[in-house]
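Notes to accompany the following structure.
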Amino acid sequence: MGPAFCGHPGRRDNPGPLGPGFDPQGSTINSAVFSIYAPDAPTYQTVRLHRVTADWGEYSVTWATFAKSYDPAGIGSFAVNSTGWQTVDVTLLVQAW
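Start counting the sequence shown at 2; every next residue gets the next number (our numbering).
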């Protein structure tokens with residue numbers, strides 16, 4: 002499964018990959034945020050986030066090969082109303098890993 006990266010949007014010094022299987026002993030996840038940059042806003046479209054339910058490769062997955070491998074219950078959403086960083090709190094999802 003492709004990793005998520007911790008750190009601040011736009012910074013190149015992200016400390017490393019996170020994802021299912023990331024479990025340093027004694028750690029507690031207090032917060033987690035999904036961030037993505039919207040360069041061509043505003044589109045006023047709603048973007049919905051879903052939990053991925055199958056392994057995938059960052060350079061090999063396509064819409065055709067993904068086969069709807071996601072939980073239909075959304076975990077968050079945002080409306081692209083402006084250019085810039087869009088964020089969604091995904092703390093509960095990450096804590097469940």
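Every residue gets a Cβ at the ideal spot worked out from N, C-alpha and C, and that includes glycine.
Beta-carbon gap between residue i and residue j smaller than 9 angstroms
| i | j | result |
| --- | --- | --- |
| Q96 | A33 | yes |
| S78 | V48 | yes |
| I30 | T84 | no |
| A80 | Y38 | no |
N- and C-terminal bounds of the beta strand (DSSP E) containing residue i
| i | result |
| --- | --- |
| W86 | G85 to D90 |
| Y71 | Y71 to A80 |
| A39 | V34 to A39 |
| T47 | T47 to V53 |
Straight-line Cα distance separating residue j from residue i
| i | j | result |
| --- | --- | --- |
| G8 | A65 | For G8, the predicted structure reports a pLDDT of 43, less than 50, and the residue's modelled location is therefore unreliable. A value from the coordinates is still provided. Distance between the alpha carbons of G8 and A65 is about 31 angstroms. |
| V62 | G75 | 20 angstroms |
| S28 | D72 | 27 angstroms |
Terminal residues of the alpha helix (DSSP H) in which residue i lies
| i | result |
| --- | --- |
| T66 | W64 to F67 |
Candidates the options: closest to residue i by CA position
| i | options | result |
| --- | --- | --- |
| K69 | Y60, D56, T44 and V81 | D56 |
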